[in-house]
Structure formats: structure tokens, C-alpha cells
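Chains as they are written, first to last, in this note's numbering: chain A, 1 to 246; chain B, 1 to 246. A short write-up of the structure that comes next.
Number of protein chains: 2
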Amino acid sequence: MHTLARPFTPDRPATPAPSRQISDTLDLLGEQFDPKRRVVHAGDAIYRAGERFGNLYILNSGLCKIVSLAADGREQLVSLNFRGDWLGFDGIADGYHSSDAIAMDTGEVWAVPYLALMDASKGCPAVLHALHAAMSQAIARDHGSLMSVCTLPAVARVADFLLNWASSLAQRGIRTDQITLRMTRAEIGNHLGMTLESVSRALSRLARDHVIGFTEQGRRDIQIPDLSALSAFVQRHLAPAPVTLQ
Amino acid sequence: MHTLARPFTPDRPATPAPSRQISDTLDLLGEQFDPKRRVVHAGDAIYRAGERFGNLYILNSGLCKIVSLAADGREQLVSLNFRGDWLGFDGIADGYHSSDAIAMDTGEVWAVPYLALMDASKGCPAVLHALHAAMSQAIARDHGSLMSVCTLPAVARVADFLLNWASSLAQRGIRTDQITLRMTRAEIGNHLGMTLESVSRALSRLARDHVIGFTEQGRRDIQIPDLSALSAFVQRHLAPAPVTLQ
DNA sequence: CGTTCGATTGAGGAAGATCAATTAATGTGG
DNA sequence: CCACATTAATTGATCTTCCTCAATCGAACG
Chain A
1 MHTLARPFTP DRPATPAPSR QISDTLDLLG EQFDPKRRVV HAGDAIYRAG ERFGNLYILN
61 SGLCKIVSLA ADGREQLVSL NFRGDWLGFD GIADGYHSSD AIAMDTGEVW AVPYLALMDA
121 SKGCPAVLHA LHAAMSQAIA RDHGSLMSVC TLPAVARVAD FLLNWASSLA QRGIRTDQIT
181 LRMTRAEIGN HLGMTLESVS RALSRLARDH VIGFTEQGRR DIQIPDLSAL SAFVQRHLAP
241 APVTLQ
Chain B
1 MHTLARPFTP DRPATPAPSR QISDTLDLLG EQFDPKRRVV HAGDAIYRAG ERFGNLYILN
61 SGLCKIVSLA ADGREQLVSL NFRGDWLGFD GIADGYHSSD AIAMDTGEVW AVPYLALMDA
121 SKGCPAVLHA LHAAMSQAIA RDHGSLMSVC TLPAVARVAD FLLNWASSLA QRGIRTDQIT
181 LRMTRAEIGN HLGMTLESVS RALSRLARDH VIGFTEQGRR DIQIPDLSAL SAFVQRHLAP
241 APVTLQ
């Protein structure tokens, strides 16, 4: 979460590269559990709201969205997930999923029975800690989303969204100078709390200001020549008088 | 999360009353860990962004807000916590807290070292499951917040906020026909992504429509004569053409 | 009892939504 | 592979909601 501050960072121990961490965790889980592997394609459901909870899932490749559903039909794209991310946490509390997990691209998902995970965790604290770290990260990212939606104007929200996407790629050792959004403007708008027209205008604005660029083929591919320039754009477009606490 | 749908609820096993669950979990933790108990007063920090993570906390009484901080100074009230809620999850992932937890009222907080919790969980799966359920619930609530901010107009957002508060009280066996918000309009506005003036106007509007009432002493106490009327108000004020996926 | 902080209410303005028309991409059957 | 149909994206014009600024009122507190 690049938007989250860590005001003081004392004697932090040297940590391995994030992309290594993700691969290591996948290796660990792959060895420990021989998880059920499933190839999914864009649009496939990994689980659906209302289904009985039993498995947690780890995305080994591809891209996945989590969509929360309200009783009155409103739906909200609450998170986007990449390689190494865990899915299905929403089901633990009451034994039923409360959201849909939908693949947005071809990829592979590993299913691990929650109870098997609990059993194995007794002998292998690393597995348990990986689970907790993943849940913790999910919470931090949710908080980042809320912050973005509550404190940034529309253009900055889209810019921040692209920054987060790029940051997710960077964590996985993938280059960030050209990213392919496998989402429509409507999906982006839903996630960011604005209309698809506003998303489109925001992207046009970012391109006009040269903090992003479009490739010749399609407007789904977005070039980010300079992440810090994009980040600076967000800072320049903070709401003038933010709602401050106290 | 009353706003989250559970479209299909098959043969759900009978569960104990939520208020019992919360008390049972507190009992369990109190016995297992003899946690360090601390009395806090309004404004006291339970932990702060940047602090090294070591403990998880359980709120035994009182009320607490979690405030995320961005590097550029923006702050976001991301969650409100009541008796039985766990605090501190944001620190697990990278070993440092990324938010402040601030008491909003006199209360008691129990601190449990995360490592002690991990040790104990080997012999007592119930503790581990309580932790996971609490994290899962936190995630579901975050998703509810994002849904509210992204899909509801200002008045409905305030109404939904009050419904969630009432629902939190109901889960704890507390009456919901009169609730005391220990927050300023500015704090509510920050949490809901709107200005304090809009919060004030929304509350006035809700009172004018008789879905809430004010007590004679102060406008911090809010009467909710009928939860379903408040819920119906939200439904009547959904944005006419919500941003739908697909 | 005055000072301070929080809340309310009003008037005007701006960001973003809505509605609509056009253009670009994607997919399909011949 | 091309004409056509379909869906996605862009852009403009107008309208609505909410924000901003400001004044007033009320409550709390020393």
C-alpha cells in the first residue's frame, strides 16, 4: 500500500525481495498441501456469495476480482488480486461466503481446505504466519481503498488506482512501465466510486498531462513512463481542504 | 454487516446468540492468556502507526476508532470497534502498525502477545478460530464500508452508518432504540467520505422524516424508533442508476 | 459568565453525474 | 477475410449533488 504512511521506521530488519516472498510462500503451500489446482478463465467463479465456506484459495497465476453483493442488488468490486494472493477470507467468520470471486483472466487457482490448513499449522508455524500476513495485507489494502475513495477527487483516485496496480506488479517482479488493465471503465468506476465517464475523462486527463500514455492497440494497455510523476500528480490533486480529524 | 447479502442460506446450523459468542470468546481469551488489562480513556492511543507490532488487542469494553494515515498527511477513520472486537491486525503483515487505534470512551483493553497466541493455538484450536473469525469479520466490515461509500448518496450513507452502529449494539445485546454517538460530525464525515455539514444536513433530514429522533439533551444521542424504517429509508434513497458490473 | 468548540442552516459554486451522440474495438456469420 | 452487429470508450452539454464559505446558535467548561 504505497499510500499508507509509516511515519517512523526504526531498525527494520532486512527483508527479502517481495517477489521472493511470494514465490516462497507459494512453494511452501505447494509442498505442504498438494493443493487442488484448477485452471480458470475470464469470468469463471472461484466461489460465490452464499456458498458454504470450506476452502481458502491461492492465486498461482492470473487476475481475480472480489465482488461484494448487497441484499438490494448493489454490487461492489472490493478488491483485485494477483499471483500469490489468498482468496476466501470472507467466509471464515460465519461459514458462508458473502462475495463472489471472479477470474478476470486465464490463470490457476489452488484450493486448500481450511481445516487442513489449521491441522498443518500446528506443525508448521510458517504456514500459519503466511495466512495471517495475507489477511493482514488484505485489511491494509481495504483501508487504502477506503482512504482513496474518501479523500481523493476523481482524477487522483484513478491515478492512485494505477499506482496501486503498478505496485502490485512491482512486488511480483513484473515491469510496471506498461500495464494491461483487464477491466472495463465501468468496473474501474465501480471500484472507485465513480461513473465510467469520469474514469474515461480521468484517463484522458492523465494522458494529456503525460503522466500516462496509451499504446497504439487499444486503450486497455496503459504506459506509465514514470511512477514518481504519477505519484506527484496525486499529490498535486489532493482535495484542497481535506476532512481532518480533531 | 446488514448490507451484505447471503442470497442462499441452506441448512445453516443453529448458532448461539451473537452476544453469547462475544462473551464466550472473551471468557476463553481471559482464561487462556491472562492478558494484560489496561484501562483507557477517550483519546488514549492503544497503538500508533509506526510502532513495532507485537500484541493483538481485544476491547473488553468501551469504543475505539482505527485511523489510517497516509504519507502526505491524509487521515481516514477506517473502522469503529466495540466490546469483543480485536485490534491490531494491520501490524501482522510487515511487523509495524500502519494505523492508530484510539479509544473514544473509557474502556478496558486486553493485550495479548501475538506469539503467545500462536503458541497457545496449537493446543487450543478455538482460540485460533476466534482470531480468524475476527479478522474475517473485519474484512467483511471493510467491504461494507467501501460499498456504502461507493454506492450510496450522502443521506443514505449516514442512515446506513447508523444502521451498522445499531447492528453492532444488537449483536452485543444492547438496546438500539437510543444510541449515543461518541463522535463529532467531522469524524463521521471523515469515515463516510463527506463534509461535516453534509452529515449535519443528513441527520436533520432523517429527523424531519421521523426515521430518527434527537433527545432533548444534545444531538449526540440519537433515537431510532424503528430500525426497519431506517433501513427502508436507505432503500428509498439508493442512487437511481447504480454503477453495475457486467 | 464569557470563551471555545461543535452543530446547524443558508447561499453560492464546483465536481462529478446524467443524458446523448459519436467513435473505436471486438466478435460473428457468411 | 470482410460486412455487420455488438459492446466498450470517448467526448460534449446540461443538471444535480455536495462542497465551500459564512453566519448563527447551542453546549460545555474553566
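We put the CB at the ideal spot given by N, CA and C, even for glycine.
Specify the secondary structure class of I224 of chain B as computed by DSSP and reduced to three states.
Coil, per DSSP.
Between V149 of chain A and chain B, is the shortest Cβ-Cβ distance under 8 Å, so that the two count as touching?
Interface residue, yes.
Below 6 Å CB to CB, which residues in the same chain sit around Q217 of chain A once its five sequence neighbours on both sides are set aside?
Apart from the 5 residues on each side of it in sequence, Q217 of chain A has no Cβ closer than 6 Å to any other Cβ in its chain.
Reduced DSSP category for A232 of chain B - H, G, I as helix; E, B as strand; rest coil:
Helix at A232 of chain B.
Go to D142 of chain B, then tell me how far its alpha helix (DSSP H) extends in each direction, as first and last residue.
Segment P125 to T151, the alpha helix (DSSP H) holding D142 of chain B.
Let me check understanding here. Comparing Cα to Cα, which of B:N81, B:R74 and B:L203 lies closest to M147 of chain A?
Proximity to M147 of chain A across B:N81, B:R74 and B:L203 peaks at B:R74, based on C-alpha coordinates.
Does R74 of chain B get closer than 8 Å to chain A when you measure Cβ to Cβ?
At least one C-beta of chain A is nearer than 8 Å to the C-beta of R74 of chain B.
V112 of chain A beta carbon less than 8 Å from that of N55 of chain A
Yes, the Cβ-Cβ distance between N55 of chain A and V112 of chain A is below 8 Å.
Cα-Cα separation, D85 of chain B to R172 of chain B:
Within the model, the alpha-carbon separation for D85 of chain B versus R172 of chain B is close to 11 Å.
Is T218 of chain B helix, strand or coil when you go by DSSP?
According to the sequence as given, residue 218 of chain B is Gly; it is not Thr. The DSSP-derived three-state label of G218 of chain B is coil.
Near-chain B residues of the region 83-98 of chain A (beta-carbon distance less than 9 Å), N- to C-terminal order
From the region 83-98 of chain A, only F89, D90, G91, I92, A93, D94, G95, Y96, H97 and S98 have a Cβ closer than 9 Å to chain B.
In the structure shown, what three-state DSSP assignment does G189 of chain A receive?
If DSSP states are grouped into helix, strand and coil, G189 of chain A belongs with the helices.
Show which residues of chain A have a CB atom less than 7 Å away from the CB atom of G269 of chain B.
Summary: the structure shown does not reach residue 269 of chain B, with chain B confined to residues 1 through 246, and so no result is reported for it.
Cβ of Y47 of chain B within 8 Å of Cβ of G107 of chain B?
Not a contact, by the Cβ cut-off of 8 Å.
Please list the residues of the region 47-80 of chain A that have a C-beta atom closer than 7 Å to any C-beta atom in chain B, keeping them in chain order.
A49, G50, V67, S68, L69, A70, A71, D72, R74, E75, Q76, L77 and V78: these are the residues of the region 47-80 of chain A whose beta carbon lies less than 7 Å from some beta carbon of chain B, given in chain order.
What's the C-alpha gap between Y96 of chain A and F233 of chain A?
Going by the C-alpha atoms only, they are around 41 Å apart.
Mark I174 of chain A as exposed unless 16 or more other C-beta atoms lie within 10 angstroms of its C-beta, in which case mark it buried.
By the Cβ neighbour-count rule, I174 of chain A is exposed, with fewer than 16 other Cβ atoms within 10 Å of its own.
Quick check: L28 of chain B and A130 of chain B, are their CB atoms within less than 8 Å of each other?
Yes; because the gap between Cβ atoms is below 8 Å, this pair is in contact.
Can you check whether the CB of A138 of chain B is closer than 8 Å to the CB of A101 of chain B?
Going by C-beta atoms, A101 of chain B is not nearer than 8 Å to A138 of chain B.
Does the beta carbon of R6 of chain A sit closer than 8 Å to a beta carbon anywhere in chain B?
Reliability of the predicted coordinates at R6 of chain A is poor, the pLDDT of 42 falling under 50, and the value obtained from them is presented with this limitation in mind. When Cβ-Cβ separations below 8 Å define contact, R6 of chain A makes contact with chain B.
is_contact[S23 of chain B, chain A] using C-beta, thresh 8 Å:
It does not; no Cβ of chain A falls within 8 Å.
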